[in-house]
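Residue numbers (the numbering used here), protein chains in the order written: chain E, 7 to 315; chain U, 42 to 175. Just so it is clear, CB atoms sit at the ideal spot from N, CA and C, and this is done for glycine as well. In this text, all values refer to a predicted model and were calculated from it rather than measured experimentally. Notes for the one structure printed next.
Pasting the structure below:
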């Protein structure tokens, strides 16, 4: 444990010392990963698939604000949708615009969740995002989580039905439009995931705020289990094709990853908890103080051996 | 001579001005009513746009039915109900905006009060240093 704590402190030191270079580099990697994943999954506009364009876009994102990455990712998705059909692009654009107008105007920092959730879905660990949102964000981030699920299912729907949409009668644009909207609105799997992830985020948030020992660990475990249960119930009710085995494996992996996040964000020693009680003119205070885990760095001593000739 | 206490205070204040203070200072430069008014106006504009988008999608989806029934419809009644939905939608959005931003405004003011207290402390330290110097 002390080795891990020392490693964490060293990583923190390293990050704070080289933040100027590391932050753009990490942003570049994230942007590259996101754009690459979009191209791999959609890839209908062949011009966008060139590595040069992805590299240039990722480089731009490395020194511009984080939200620009989200905007560029949205543009990438819309251009691929446009390559399928104009109607797909219109639906996608309307959806993204509604998300911006109704929510992201209030909470522009939450936009990253929408981008990360489809990636987590692709990696089969989608529950990681609601768990982390519950651990690190405010309860309002449920809206972001819900939008993230919707975004993933819109992309997924377009990907699966691209051939069918393109082959529909070009003359009858309204039928094409209806086909897309019906497909999206009638997606029960999306509805189940929205409900389950929103519930998971709230459950994790509420439990981790409780004044009980190991609140974070309990929160992520209960969150993962309740998510699996809601998905199972939803699957039984609506007869969708949610794979329960992959949900359970994904939940276990997500909890393990969330433990790593916890190690960096909230690492305390419950064995040394102290309860203090005092009062002032206006209040009685019942304070529970839990010390943070820390380790003193092992000092390197340099021994000089000089020999006198 | 360098005062350690003053330097600590100045560093903390500089860090505040650089990070969260930047956001709060722009909010703090408004009167509450002006700030809330501006945010509610922005909300009305964005919710109007959102309503138009939803309405546009709805009409486009039911385009054929609309075209068939347009002469049979009581346009006045349709207009009234559309307006009613619009008012409810915008009012709900405006209310949420009002609650969220009034909370943010009071948080910003609270934070700025702490900053001004630090400013006063700094001025006091300067005074003491000046006296000692003279």
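Among the options, whose alpha-carbon lies nearest the alpha-carbon of residue i?
i, options, result
"residue 12/E", "296/E, 273/E and 197/E", "273/E"
"residue 70/E", "34/E, 89/E, 87/E and 179/E", "34/E"
"residue 61/E", "78/E, 251/E, 48/E and 231/E", "78/E"
"residue 297/E", "83/E, 100/E, 277/E and 37/E", "277/E"
"residue 281/E", "130/E, 217/E and 59/E", "217/E"
"residue 144/U", "92/U, 80/U and 166/U", "80/U"
"residue 162/E", "139/E, 178/E, 143/E and 186/E", "186/E"
"residue 105/E", "234/E, 64/E, 279/E and 152/E", "152/E"
"residue 75/U", "100/U, 142/U, 155/U and 169/U", "142/U"
"residue 73/U", "100/U, 146/U, 127/U and 84/U", "146/U"
"residue 134/E", "233/E, 307/E and 191/E", "233/E"
"residue 102/U", "191/E, 245/E and 226/E", "191/E"
"residue 30/E", "64/E, 279/E, 260/E and 168/E", "64/E"
"residue 157/U", "54/U, 48/U and 44/U", "54/U"
Should residue i be labelled buried (16 or more other beta-carbon atoms within 10 Å of its own) or exposed?
i, result
"residue 93/E", "buried"
"residue 145/E", "exposed"
"residue 188/E", "exposed"
"residue 183/E", "buried"
"residue 196/E", "buried"
"residue 124/E", "buried"
"residue 132/E", "buried"
"residue 108/U", "exposed"
"residue 118/U", "exposed"
"residue 116/E", "buried"
"residue 16/E", "exposed"
"residue 289/E", "exposed"
"residue 312/E", "exposed"
"residue 127/E", "buried"
"residue 120/U", "exposed"
"residue 207/E", "buried"
Mapping DSSP to helix, strand and coil, what is residue i?
i, result
"residue 308/E", "coil"
"residue 139/E", "helix"
"residue 133/E", "coil"
"residue 112/U", "coil"
"residue 292/E", "strand"
"residue 274/E", "strand"
"residue 112/E", "coil"
"residue 62/E", "helix"
"residue 218/E", "coil"
"residue 93/E", "helix"
"residue 25/E", "helix"
"residue 72/U", "coil"
"residue 50/E", "coil"
"residue 280/E", "strand"
"residue 247/E", "coil"
Under the assumption that residue i contacts residue j (Cβ atoms under 8 Å), give the Cβ distance between them as a whole number of angstroms.
i, j, result
"residue 45/E", "residue 55/E", "5 Å"
"residue 202/E", "residue 240/E", "7 Å"
"residue 149/U", "residue 69/U", "6 Å"
"residue 154/E", "residue 120/E", "5 Å"
"residue 130/U", "residue 87/U", "Going by Cβ atoms, the distance from residue 130/U to residue 87/U rounds to 11 Å, so no, they are not a contact pair."
"residue 137/U", "residue 46/U", "44 Å between Cβ atoms; not a contact."
"residue 67/E", "residue 100/E", "Rounded, the Cβ-Cβ distance is 25 Å, inconsistent with contact."
What residues from chain B crowd round residue i, counting only those whose CB sits closer than 7 Å?
i, result
"residue 104/U", "Annotation note: the requested chain B is absent from the structure, which comprises protein chains E and U."
Do residue i and residue j have their CB atoms nearer than 8 Å?
i, j, result
"residue 180/E", "residue 61/U", "no"
"residue 211/E", "residue 149/E", "no"
"residue 94/U", "residue 84/E", "no"
"residue 267/E", "residue 118/E", "no"
"residue 75/E", "residue 40/E", "yes"
"residue 1/E", "residue 95/E", "Only positions 7 to 315 of chain E appear in the structure, and residue 1/E is not among them; the question remains open."
"residue 250/E", "residue 238/E", "yes"
"residue 27/E", "residue 90/E", "no"
"residue 221/E", "residue 209/E", "no"
"residue 90/U", "residue 107/E", "yes"
"residue 127/U", "residue 92/U", "yes"
"residue 198/E", "residue 244/E", "yes"
"residue 65/U", "residue 153/U", "yes"
"residue 264/E", "residue 138/E", "yes"
Can residue i be considered in contact with the ligand GDP, in the sense that its beta carbon sits closer than 7 Å to one or more heavy atoms?
i, result
"residue 258/E", "The ligand GDP is not part of this structure, which contains no ligands at all."
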